[in-house]
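Heads up: the sequence shown begins at 12 in the numbering used here, then just goes up one per residue.
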Amino acid sequence: MVAKKSVVSLREDQHAFTKALVAAGRFPLGSAALQVLLQQRANGSFISGDQLRARLAAQPR
Numbered sequence: 012m013v014a015k016k017s018v019v020s021l022r023e024d025q026h027a028f029t030k031a032l033v034a035a036g037r038f039p040l041g042s043a044a045l046q047v048l049l050q051q052r053a054n055g056s057f058i059s060g061d062q063l064r065a066r067l068a069a070q071p072r
């Protein structure tokens, strides 16, 4: 698979969520967090933002 560059605009809350994942040490960069979250979203069932945050909070650090 060839990687393509894209420009994505995030709402402030989405940006804050991505930054929080990086600050917590879950991902080295915001783009890495977005890649994983988008891939999980594409491959899995759709869940609410609250459910996603709960799942992420429950994962070991």
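For each residue, glycine too, the CB sits at the ideal point set by N, CA and C.
Quick caveat: nothing in here was measured; it's all calculated off a predicted structure.
Legend entry - Cβ separation of F38 and A31, assumed to be a contact under 8 Å, to the nearest whole Å: Against the sequence shown, residue 38 aligns to sequence position 27. Against the sequence shown, residue 31 aligns to sequence position 20. So it is not a contact: roughly 10 Å between Cβ atoms.
Inset, instruction - Identify which residue in S42, V13 and A34 has its Cα closest to the Cα of S20. - result: Within the sequence shown, numbered from 1, the residue matching residue 20 stands at position 9. Measuring from the Cα of S20, the nearest candidate turns out to be S42.
Inset, instruction - Could you please give the first and the last residue of the uninterrupted alpha helix (DSSP H) stretch that includes F28? - result: Residue 28 sits at position 17 when you count from the first residue of the sequence shown. Looking at the DSSP string, the run of the alpha helix (DSSP H) that includes F28 is E23 to A34.
Legend entry - Whole-angstrom distance between A65 and D24, CA atom to CA atom: As a working note, residue 24 is residue 13 in the sequence shown. As a working note, residue 65 is residue 54 in the sequence shown. Each residue's Cα considered, the two are about 16 Å apart.
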